[in-house]
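Once you know that position 60 of the sequence shown is 65 in the numbering used here, the rest is easy, because the numbers rise by one and skip nothing.
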Amino acid sequence: MTLLPEIPEHSYFSRYGPDFELDIDYFPHKSHKETFDSIQKHHRRILEQLRNYADLNKMTYDYDKVYQLYNLTDM
């Protein structure tokens with residue numbers, strides 16, 4: 006990404022001195038590196054919550070179809 010060297014006017018601009026530097030690291034955080042296993046874990050958790058909600062509200066729900074859709078038949 007290329008940034009323009011001109012700094013736009015802003016009401017808080019005067020609070021920073023001419024030697025102010027803003028350091029930004031471009032290292033991806035761990036949360037951005039989701040593995041397939043962790044994604045499956047989240048799917049399982051969401052589907053379990055959906056199943057509990059459906060059971061509590063006496064709703065009909067085809068669990069097997071959804072689990073097969075997400076390839077989570079081992080629940």
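Ideal Cβ positions, reconstructed from N, Cα and C, are used throughout, including at glycine.
Inset, instruction - Return the Cβ separation of Tyr68 and Arg50 in integer angstroms, given the expectation that the two are a contact with Cβ distance under 8 Å. - result: In fact, because the Cβ distance is near 15 Å, the residues do not count as touching under 8 Å.
Legend entry - Reference His48, options Glu26, Gln73 and Tyr66, closest by Cα: Gln73
Legend entry - Secondary structure of His15, DSSP reduced to three states: It is coil, neither helix nor strand.
Legend entry - Limits of the unbroken alpha helix (DSSP H) element including Tyr58: Phe41 to Leu61
Inset, instruction - Please list, in chain order, all residues of the same chain as Met80 whose beta carbon is under 8 Å from its beta carbon, the five residues on each side excluded. - result: Residue confidence for Met80 is low, a pLDDT of 45 falling below 50, so the modelled location carries little weight and cannot support an answer.
Legend entry - For Tyr66, the three-state DSSP class (helix, strand or coil): The answer is coil: DSSP assigns Tyr66 none of H, G, I, E or B.
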